[in-house]
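First comes the structure, then the notes that go with it.
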Amino acid sequence: MKESTPEREARRYISKQLTAQINNAQAYPDVRTVVVKALSDIKDQLRSLSNKVRRDYSLKPGEPLMFFYVKGGNALDALLERPAVPPPTLFDFGRSDWDTQVVINPWIPIPAQDALHGGVEDIVIDVMQGAGLNIALEISVFPPHQNPLAGQVVDLASVDIHVPPGQQCLVTCDTPQTFRKVYERDRAGLHLFTSDPLKGIGTATPVTSPSVLPPPQPPVPQPVQLPPTPPPPPGIILNDGIKPFVLYRMGYTWHARWVKDPKAPAGDDPVTPRPILMELIDVTTPRRDTVEAVTVWSDIIRNHLVIAEDAGSEERWRLPLPSMEYHLWEGLTMLCEIAAYPGWPGADKLEKRRRNVQRIHDWYRDQQGDLATFGRVIDGISAAPVFTDDKNCMQQVDACMREVKARMQASSSGFDHGALSANHTQHLLHGRQWGAHRVATLLQRLGTSTASCGYSDDLALIGTLAQNPYLDVTQVPISGVDCAMIIRTDPATLRNATAANCLIALAQDLGADMTIEDSLHSTVRATGISYERTLVIFDAPRSPTARVAKAILTLTTAGPVGCPFRDSPDGSGQAIASLLDMDNQRKVAASIIQGFVQRANLSRQHEMIRVLLPQGE
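Going from the sequence shown to this note's numbering is simple: count from 1 and add 34.
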């Protein structure tokens with residue numbers, strides 16, 4: 035449903051108020067208890083699912099298959115606001131809905147991944163349905179004037195929307211609530227939307243209208259609109275129409291309308307055509323074979339995202355919470371998105387994001403007495419030394435956003451008359467010379483007998499994409515990586531080419547400020563499964579933590595049939611890799627690189643390639 039900008043702002047404003055209302059642990063402690071228990075149930079059942087899939091698919095016992103954790107505002111509040119004495123508890127903190135994420139190992143066999151994704155859907159929906167009935171039961175004991183589902187008038191004076199003269203905004207809870215499923219056309223073959231009413235408490239059929247209202251109590255002020263009786267369980271949505279994620283959401287839907295008399299049974303025009311959410315629980319799962327799935331998994335494995343069951347020793351149900359460093363990365367990433375992309379959907383939350391980063395900065399300063407972690411993260415995401423010791427957090431955040439904005443603008447200006455500019459072309463050709471010399475040295479010192487190389491840099495990618503008459507290659511951002519290559523080699527060389535061994539082998543050929551990181555992965559090809567190791571060579575001339583990726587090298591065990599090279603489209607005679615290998619290389623490299631602009635641009639290149647290589651989920 036189309037809505038105007040003022041309507042969208044009004045919907046978000048009302049949703050924020052409704053969500054804060056039902057998630058108020060002091061006003062509705064029993065609702066909070068049901069929600070936290072539901073999250074704990076999801077955690078426990080996902081652990082059982084992992085064990086089952088491990089047995090069914092004969093997977094090694096030591097390899098993690100899946101992680102589940104609480105993120106977002108409540109998780110951050112739990113770290114920042116919980117007192118040491120009495121014992122901290124998740125039942126008292128947080129004012130927003132509960133954002134959680136399930137991340138599945140992107141490198142285990144695809145059938146095992148599919149089994150985990152299917153099991154996650156079954157578990158999350160089943161737990162949400164049970165929790166919804168319990169929430170309805172808890173709400174049913176509240177008198178009308180304390181019931182969170184009672185209709186209410188919302189003051190929209192702070193929202194830039196026209197209020198009809200003499201009218202007010204009345205919001206009422208929908209009854210019945212529904213279980214909605216939304217599927218994306220690329221996966222379902224058509225845009226598909228289903229909606230089924232949920233059964234209410236104590237009813238054999240879906241709740242369709244309020245039952246007998248309680249007797250009036252004159253001494254107690256009544257709400258402008260009585261809540262539905264009995265209260266319906268919150269609605270559930272399975273949104274399979276978001277490209278990088280599957281979203282499961284539990285919460286009540288409301289509608290707002292302009293009314294002259296809030297107590298009237300019917301209203302006039304809607305404030306917004308779309309339903310308004312009173313959110314309780316969100317569970318997101320990155321899709322298989324996406325940059326998001328690989329990146330989040332890599333962050334966990336590399337300890338950039340540390341998860342601990344840290345809900346207090348006295349908790350009945352303990353939940354996995356990410357570390358403060360995770361919240362810092364997340365907060366700065368959101369600010370970088372606002373800086374990098376004009377009109378970014380999250381721009382309306384700029385001040386909130388800045389406040390959260392300030393709170394985290396102050397926590398490191400006051401609670402830890404050390405800003406080293408803050409400096410490492412903000413320099414890393416900026417890929418520039420923006421951290422200073424003057425304690426002014428917002429000046430450093432502003433410097434980070436300026437750096438990201440400038441780099442992103444530069445990465446979008448690499449074309450001239452629809453083709454890669456001469457300057458960028460020459461720069462990449464120099465990068466090929468630099469890379470070819472070092473790859474030859476590396477292979478020689480690793481003792482490999484045979485190897486074949488194909489370029490996979492921006493020059494190769496854009497030249498390949500430009501052969502399609504329908505693609506606008508000027509939309510491809512410049513990655514900022516000087517050299518990228520695919521190297522066919524033998525399994526022994528692949529095993530030996532660790533980051534540490536490669537750094538030793540190239541010690542005399544790399545600058546003193548250069549480092550190497552690597553990641554093992556695999557590819558399903560027409561000829562079978564091949565195994566790869568992607569190496570990213572970083573340069574950090576100004577600060578050890580402000581690293582820029584200079585080269586990406588991927589070694590593969592695939593042969594010439596599974597991993598073919600072909601002549602460059604420009605007729606230079608230089609071999610270039612296939613789109614499949616360029617795509618996989620960018621996906622893995624993005625998971626290693628911490629700098630926002632290079633990670634974002636490699637991800638965008640991955641999306642452009644997928645236009646020509648649609649593959650599964």
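Every residue, glycine too, gets a C-beta built ideally from N, C-alpha and C.
* Asked: Can you check whether the CB of Ile334 is closer than 7 Å to the CB of Leu366?
  -> The answer is no: Cβ separation not under 7 Å.
* Asked: Would you call Lys77 buried or exposed, if buried means 16 or more other Cβ atoms sit within 10 Å of its Cβ?
  -> buried
* Which whole runs of the alpha helix (DSSP H) in the region 521–550 are 4 residues long or more, in chain order? -> 525–530 and 533–539
* Asked: For Asn618, does the three-state DSSP call read helix, strand or coil?
  -> Here DSSP, grouped into helix, strand and coil, assigns Asn618 to helix.
* Asked: Excluding the five sequence neighbours on either side, which residues of its own chain have a C-beta within less than 8 Å of the C-beta of Gln201, listed in chain order?
  -> Trp292, Val293, Lys294 and Asp302
* Nearest-angstrom Cβ-Cβ length linking Asp64 and Glu172, presumed shorter than 8 Å -> Approximately 4 Å separates the beta-carbon atoms of Asp64 and Glu172; this is inside 8 Å, confirming the contact.
* To do: Work out the CA separation of Ala290 and Thr306 for me, nearest whole Å.
  => Those two C-alpha atoms are separated by around 7 Å.
* Asked: Buried or exposed: which applies to Thr484, given that a residue is buried once 16 or more other Cβ atoms fall within 10 Å of its Cβ?
  -> exposed
* Asked: According to DSSP, is Ser357 helix, strand or coil?
  -> coil
* Where Ser445 falls, given that 16 or more other Cβ within 10 Å makes a residue buried -> Its Cβ being crowded by 16 or more others within 10 Å, Ser445 is buried.
* contact_flag[the region 425–432, the region 463–470] where n(CB pairs < 8 Å) is 3 or more -> no
* Asked: Are there 16 or more other CB atoms within 10 angstroms of the CB of Tyr504, so buried, or fewer, so exposed?
  -> exposed
* Asked: In angstroms, rounded to a whole number, what distance separates the CA positions of Pro264 and Ser174?
  -> Taking the CA atoms as reference points, Pro264 sits about 6 Å from Ser174.
* **Start and end residues, alpha helix (DSSP H) containing Leu416** => This sequence places Ser at residue 416; Leu is not what is there. That run of the alpha helix (DSSP H) goes Ala406 to Ser416.
* **For Glu566, the first and last residue of its enclosing beta strand (DSSP E)** => Gly562 to Asp573
* To do: Could you tell me which residues DSSP puts in a beta bridge with Ile4?
  => It is not possible to answer for residue 4, since the shown part of the chain is limited to 35 through 651.
* **Residue of Asp131, Met548, Leu493 and Ala342 minimising C-alpha distance to Asn57** => Asp131
* Asked: DSSP on Glu37, reduced to helix/strand/coil?
  -> coil
* To do: Would you mind giving the Cβ-Cβ distance between Val438 and Val631, rounded to the nearest angstrom? I have them listed as a contact below 8 Å.
  => Indeed, because the Cβ distance is near 6 Å, the residues count as touching under 8 Å.
* Would a C-beta distance cut-off of 7 Å place Pro320 and Ser577 closer than the cut-off? -> no
* C-beta atoms of Thr53 and Met368 nearer than 7 Å -> no
* Asked: In chain order, what residues of the same chain lie with their CB nearer than 6 Å to the CB of Lys621, ignoring the 5 residues before and after it?
  -> Val325, Val328 and His640
* Asked: Would you say Gln79 faces chain B, with C-beta separation under 7 Å as the test?
  -> In the displayed structure, chain B is absent; only one protein chain is listed.
* Does DSSP put Gln259 in a helix, in a strand, or in coil? -> strand
* Do Gly185 and Val258 have their C-beta atoms within less than 7 Å of each other? -> yes
* **Inter-stretch contact at 8 Å, needing at least 3 Cβ pairs: the region 389–404 / the region 557–564** => no
* Asked: What residue from Leu569, Ala534 and Gly596 has the CA that sits closest to Gly562's CA?
  -> Measuring from the Cα of Gly562, the nearest candidate turns out to be Gly596.
* Asked: DSSP beta-bridge partners for Phe101?
  -> Partner residues in the beta bridge of Phe101, as assigned by DSSP, are Val137.
* Asked: Taking the alpha carbon of Ile627 as the point to measure from, which residue in Leu537, Arg600, Val411 and Gln180 has its own alpha carbon closest?
  -> Val411
* Cβ pair count under 8 Å reaching 3, the region 610–624 against the region 514–525 -> By the criterion of at least three beta-carbon pairs nearer than 8 Å, the region 610–624 is in contact with the region 514–525.
* Asked: Can you give the Cα-Cα distance for Asp382 and Ala624, rounded to whole angstroms?
  -> 27 Å
* Roughly how many whole angstroms lie between the Cα atoms of Arg644 and Ser490? -> 15 Å
* Identify whether Tyr282 lies in helix, strand or coil by the three-state DSSP scheme. => strand
* **Simplified DSSP assignment, three categories, for Ser513** => coil
* Using 10 angstroms around the beta-carbon of Gln501, count the other beta-carbons present and answer buried if the total reaches 16, otherwise exposed. => exposed
* Using a threshold of 7 Å, state whether the C-beta atoms of Arg581 and Ala592 are closer than that. => no
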